[in-house]
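Chemist:
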Amino acid sequence: MSNSFGKIFKITTYGESHGVGIGVIIDGCPAGVKVDEAFLQAEMQRRKPGQSKITTQRKEEDEVEILSGIFEGITIGTPIALGIRNTNQKSKDYSHIKDSYRPSHADYTYQEKYGVRDYRGGGRSSARETAARVAAGAIAKMFLDQAGISVQAYVSQVGSLKLEKSYQEMDLAEAEENIVRCPDPEMAEKMIQHIDETRKNRDTIGGIVSCVVKGTPVGLGEPVFDKLHAVLGQAMLSINAVKGFEYGSGFEGVEMYGSEHNDPFETEDGKVKTTTNHSGGIQGGISNGQDIYFNVAFKPIATIMNDQESIDKDGNKVTVKGKGRHDPCVVPRAVPIVEAMAALTIADFLLRAKTNKI
1087 MSNSFGKIFK ITTYGESHGV GIGVIIDGCP AGVKVDEAFL QAEMQRRKPG
1137 QSKITTQRKE EDEVEILSGI FEGITIGTPI ALGIRNTNQK SKDYSHIKDS
1187 YRPSHADYTY QEKYGVRDYR GGGRSSARET AARVAAGAIA KMFLDQAGIS
1237 VQAYVSQVGS LKLEKSYQEM DLAEAEENIV RCPDPEMAEK MIQHIDETRK
1287 NRDTIGGIVS CVVKGTPVGL GEPVFDKLHA VLGQAMLSIN AVKGFEYGSG
1337 FEGVEMYGSE HNDPFETEDG KVKTTTNHSG GIQGGISNGQ DIYFNVAFKP
1387 IATIMNDQES IDKDGNKVTV KGKGRHDPCV VPRAVPIVEA MAALTIADFL
1437 LRAKTNKI
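Here the working numbering is used: position 330 in the sequence shown is 1416, and no number is missing along the way.
Right under this line is the structure:
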């Protein structure tokens, strides 16, 4: 059923959008990781709905209950179970699409694949599931922090509004100072206005979340099929509404000559580094110790408040009414989700690297 991710640091998420609750089981987290429950809850607050005028107004506090695997603030090597209750479901908002297929949603594909579907908010296909990933990602971040590795994401584009600065030119901590999570204050205001105008027009808009991983050691990645960038791509493309992933120079690299794109090696204070980083910190599918950076493209959310033409389960033409509480743009709340999936990926590869040589 593919509800699990990771080989050693492995997570399995469960639950539906309008069920009793959602949660995650983390298996393989080493003993001895210091767990800061306040940090865990703060990560959930970054993803939770209803946090600003440019997000869905569903009110969920997303309080995490630690059910197992942590004793006196320390992981003990056993499976970690984290539960999150759903408290603000409005399932009646979805009764009108019980037998209809919303355009660009998973309604039709789930119905055809399984012969049954939970139409309340999309059930398992809902982005509500990502709250469990953020909870697990918070544990992964604490593990990585003890290894000197950090993960920082931010919004770099909303619609056609695009940051032209590289991540090195900005203080990425500034991203948490505004509701759109863009580290450039001037661009952030433009993005907020654009999203709010889109909301008032009863429409949605897409965007890009960029992410930087610092402090990774050389040697993470398992060629040939589990190259580091390949699994990072899988992790990001598994997030709801993601349509694209690129790392390093990405698609812009096709415009460069090899003489421009190659990253020359040098030594500095006895350590090997590269003078440029078009490779995005990964060469041959293995981390080279430089910053890993990548972009994740999110489509406009499929649920819009305007009426749309579609069909029902019997093939009859229907009008799907715009109802419910939804994000006009997903990227502000997607920032902690991207960070979580990156942290889970790096944590898993960090443990796998310990098996590479004696």
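Idealized CB from N, CA, C, for every residue including glycine.
Quick caveat, the model's predicted, so the values are computed rather than measured.
For the alpha helix (DSSP H) that contains residue 1284, what are its first and last residues?
Modeler: 1271–1286
Chemist: Let me confirm a value: residue 1261 is counted as buried when at least 16 other C-beta atoms fall within 10 Å, else exposed. Which label applies?
Modeler: buried
Chemist: Looking only at DSSP bridge pairs, what is residue 1113 linked to?
Modeler: Checking the DSSP bridge columns, you'll see residue 1113 partnered with 1096.
Chemist: Quick one: grab the DSSP three-state call for residue 1343.
Modeler: coil
Chemist: Give the DSSP bridge partners of residue 1101, in chain order.
Modeler: Under DSSP, residue 1101 takes part in a beta bridge, and its partners are 1108.
Chemist: Let me know the beta strand (DSSP E) ranges lying completely inside the region 1293–1375, each 3 residues or longer, listed in chain order.
Modeler: Taken in chain order, the complete beta strand (DSSP E) segments of 3 residues or longer contained in the region 1293–1375 are 1293–1300, 1328–1333, 1351–1354 and 1357–1360.
Chemist: Per DSSP, residue 1244 forms a beta bridge with which residues?
Modeler: For residue 1244, which the question treats as bridged, DSSP gives the partners 1247 and 1293.
Chemist: If contacts are defined as beta-carbon pairs under 8 Å, then residue 1264 and residue 1274 qualify, I think. What distance do you get, rounded to the angstrom?
Modeler: 4 Å
Chemist: State the Cα-Cα distance for the pair residue 1309 and residue 1367, rounded to the nearest angstrom.
Modeler: 15 Å
Chemist: Between 1417, 1224 and 1285, which lies nearest to residue 1382 when the distance is taken from Cα to Cα?
Modeler: 1417
Chemist: Quick check on residue 1170: does DSSP put it in helix, strand or coil?
Modeler: strand
Chemist: Roughly how many angstroms lie between the CA atoms of residue 1356 and residue 1303, to the nearest whole one?
Modeler: Spanning the alpha carbons of residue 1356 and residue 1303 requires a straight line of approximately 15 Å.
Chemist: Please report how far the alpha carbon of residue 1137 lies from the alpha carbon of residue 1147, in whole angstroms.
Modeler: In this structure, the CA atom of residue 1137 is about 10 Å from the CA atom of residue 1147.
Chemist: Taking the alpha carbon of residue 1364 as the point to measure from, which residue in 1358, 1370, 1346 and 1352 has its own alpha carbon closest?
Modeler: 1346
Chemist: Is residue 1110 near residue 1156, with beta carbons less than 9 Å apart?
Modeler: no
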